[in-house]
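Below: one structure, written as structure tokens.
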Amino acid sequence: PRNTDSFDFSRYHTISEIYSFQDMLVAENPNLVSKIVIGSSYEGRPLNVLKFSTGGTNRPAIWIDTGIHSREWVTQASGTWFAKKIVTDYGRDPALTAILNKMDIFLEIVTNPDGFAYTHSSNRMWRKTRKPNPGSSCAGVDPNRNWDSGFGGPGASSNPCSETYRGPRAHSESEVKSIVDFVKSHGNFKAFISIHSYSQMLLYPFGYTKTPAKDQAELHNLAQRAITDLASLYGTRYRYGSIINTIYQASGGTIDWTYEQGIKYSYTFELRDTGRYGFILPANQIIPTAQETWLALMAIMNHTYNNPY
Amino acid sequence: KVTFEGHQVLRILPKDEAQLSLIKNLEEMIEFQVDIWMGVTDVSNPVDVRVPFQSLQFVKIYLEAQNIDYTIMIEDLQVVLDEEQEEMEAAARLAQ
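If you read the protein sequences in the order shown, they are chains A and Z.
Residues in the first sequence are numbered from 10 upward in steps of one, following this note's numbering.
Residues in the second sequence are numbered from 26 upward in steps of one, following this note's numbering.
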């Protein structure tokens with residue numbers, strides 16, 4: 010497509026199509042969107058983060074990432090739609106305009122590029138990164154078990170052939186370490202939202218311990234509001250709660266680490282589906298999924314904006 | 026390219042804690058190469074598992090022997106993947 014208006018959000022795209030979409034969006038909106046490369050993947054692909062900013066320096070910021078598990082294609086597709094939604098709504102939607110007049114939004118659409126390329130070229134079911142594991146015939150680390158938060162505890166595997174292999178040490182994966190370094194150097198993130206699929210849940214810390222997060226009550230109430238907004242569009246029902254109480258124990262998880270860095274509004278989404286298609290969600294559900302998720306994201310971003318800390 | 030002819034995705038419906046741990050055991054049986062799509066949580070939530078064709082018979086016997094209920098969520102994964110691929114290629118041709 011020659012511009013992002015003619016980009017087809019209602020179908021799945023390859024990594025190169027998404028990367029060229031990002032470049033088009035930046036070129037079309039030079040005063041709002043820029044692209045930051047926060048590092049590179051094991052196979053040398055750039056880790057692109059879109060920055061949506063109306064000025065200022067080091068403003069309080071919101072982070073959204075999709076595609077950390079590469080086979081969860083509806084998440085990268087939704088992330089692409091979110092990027093266009095932000096530039097379309099800025100200046101039109103009062104709530105988003107107010108947020109962007111005071112805060113920055115960072116969006117990493119293809120958070121695991123090697124894995125994503127591999128799902129297109131070789132194995133549609135691939136979830137992990139693609140770095141070889143010395144001494145094993147199995148490659149890849151689960152990038153959602155590699156964070157330095159409860160790392161190595163129950164809820165991750167030490168077997169390189171497991172889908173939940175945690176890696177040789179915390180932050181061993183460049184796809185993870187790049188975000189860690191970026192978040193630490195920025196130092197002013199106020200919300201961190203990592204988007205997965207499937208099973209329709211909105212989760213907050215912790216996954217590695219039963220100890221409640223100190224902000225549990227606020228996080229729980231905000232999650233309830235967010236999934237209520239989400240359901241208002243198509244009636245999609247979500248469950249919500251802390252990771253360990255709602256699904257299972259998971260150690261080395263993204264939002265446990267971000268929460269322990271002091272980023273209070275740390276959430277994980279599990280988007281559609283309910284158990285008809287699993288990871289192979291039909292493309293005609295991409296836009297409805299992105300639209301309903303956006304309502305929940307706006308609830309979280311609004312709350313973050315209205316409750317500075 | 027890895028293909029998934031005959032792979033099925035089973036939606037397993039545990040009745041109690043005992044059945045949950047039996048399903049967990051299944052996850053640990055690396056030789057059957059089951060791929061957990063939606064993991065064990067608690068009794069009220071289903072567990073979705075992709076089972077390679079060569080392990081299907083064993084897994085179904087294992088579940089039925091323990092009286093664990095399951096349904097077949099995806100009959101043949103490769104058929105669904107082929108449809109997804111065809112749709113992507115058709116849309117790309119249209120865009121061209």
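The C-beta atom is built at its ideal place from N, Cα and C for all residues, glycine as well.
What you are looking at is a predicted structure, and each value in this text was computed from that prediction instead of being measured.
Is it true that the CB of residue j sits closer than 9 Å to the CB of residue i?
i, j, result
"A:S158", "A:Y268", "yes"
"Z:I93", "Z:I48", "yes"
"A:E327", "A:K140", "Outside the modelled stretch of chain A, which goes from 10 to 318, sits residue 327 of chain A, for which no answer is possible."
"A:A86", "A:F18", "yes"
"A:I252", "A:I264", "yes"
"A:G149", "A:G261", "no"
"A:L290", "A:Y207", "yes"
"A:T245", "A:Q209", "yes"
What three-state label does DSSP hand residue i in the structure shown?
i, result
"A:A259", "coil"
"A:A319", "Nothing about residue 319 of chain A can be read from this structure; chain A reaches only from 10 to 318."
"Z:V68", "coil"
"Z:K85", "helix"
"A:P55", "strand"
"A:L41", "coil"
"Z:Y95", "strand"
"A:F30", "helix"
"A:F91", "helix"
"A:I118", "coil"
"A:T267", "helix"
"A:Y318", "coil"
"Z:I61", "strand"
"A:L290", "coil"
"Z:E100", "coil"
"A:T313", "helix"
Leaving out five residues before and five after residue i in sequence, what residues of the same chain have Cβ atoms less than 6 Å from its Cβ?
i, result
"A:S62", "D113"
"A:N293", "none"
Among the options, which residue has its Cα nearest to the Cα of residue i?
i, options, result
"A:M310", "A:K273, A:L290, A:S130 and A:P143", "A:K273"
"A:I24", "A:T138, A:F288, A:D123 and A:A308", "A:D123"
"A:Q258", "A:S241, A:P214 and A:R248", "A:P214"
"A:I334", "A:A292, A:T245, A:D74 and A:P10", "Residue numbering for chain A in the displayed model covers 10 to 318; residue 334 of chain A lies beyond these limits and cannot be assessed."
"A:Y99", "A:T283, A:D282 and A:N38", "A:N38"
"A:I118", "A:N57, A:G262 and A:Y318", "A:N57"
"A:V96", "A:M33, A:G149, A:S130 and A:A126", "A:M33"
"A:F125", "A:V83, A:S166 and A:F160", "A:V83"
"Z:K40", "Z:Q79, Z:Y95, Z:I55 and Z:K26", "Z:Y95"
"A:S79", "A:N316, A:A305 and A:E184", "A:E184"
"A:D14", "A:T89, A:I295 and A:W266", "A:T89"
"A:G144", "A:C170, A:H180, A:Y51 and A:N40", "A:C170"
"A:G250", "A:A226, A:G64 and A:W266", "A:A226"
"A:G161", "A:A200, A:G216 and A:P317", "A:G216"
Leaving out the 5 sequence neighbours to the left and right, which residues in its chain are closer than 8 Å to residue i when beta-carbon positions are compared?
i, result
"A:S43", "V35, L59, K60 and S62"
"Z:V84", "L35, L51, F57, V59, V74 and V76"
"A:G53", "none"
Return the chain-ordered list of same chain residues with a C-beta closer than 7 Å to the C-beta of residue i, the five sequence neighbours on each side being excluded.
i, result
"A:Y243", "P297 and E301"
"A:Y314", "A107, I108, K111 and M112"
"Z:D67", "none"
"A:L228", "Y213 and A222"
"A:Y21", "W82, A86 and A292"
Would you say the beta carbon of residue i comes nearer than 8 Å to a heavy atom of the ligand ZN?
i, result
"A:V46", "Ligands are entirely absent from the displayed structure, and the ligand ZN is therefore not among its contents."
Practice item. Can you give me, in chain order, the residues of the stretch 23–37 of chain A that have a beta carbon less than 7 Å from any beta carbon in chain Z? Key: For chain Z, none of the residues of the stretch 23–37 of chain A brings a beta carbon within less than 7 Å of one of its beta carbons.
**Study point:** Within 8 Å of chain A by C-beta, residues of the stretch 55–69 of chain Z in sequence order
**Key:** I55, D60, I61, W62, M63, G64, V65 and T66
**Study point:** Near-chain Z residues of the stretch 261–289 of chain A - C-beta to any C-beta below 8 Å
**Key:** G284, R285, Y286, G287, F288 and I289
Point to revise | Interfacial residues, the stretch 292–312 of chain A to chain Z, with Cβ spacing under 8 Å | key: A292
Check your understanding: Closer than 8 Å, Cβ to any Cβ of chain Z: which residues of the stretch 212–240 of chain A, in chain order?
Key -> Only those residues of the stretch 212–240 of chain A whose C-beta falls short of 8 Å from the nearest C-beta of chain Z would be listed, and there are none.
Check your understanding: Taking Cβ-Cβ distances below 8 Å as the criterion, which residues of the stretch 125–137 of chain A are in contact with chain Z?
Key -> S130, S131, N132, R133 and M134
Review point. Got a sec: which bits of the stretch 86–105 of chain Z sit with their beta carbon under 8 Å from any beta carbon on chain A, in order along the chain?
Key: M98, I99, L102 and V105
Point to revise | Against chain Z: residues of the stretch 241–257 of chain A by CB proximity under 8 Å | key: Contact residues of the stretch 241–257 of chain A toward chain Z are T255, I256 and Y257 (C-beta to C-beta distance below 8 Å).
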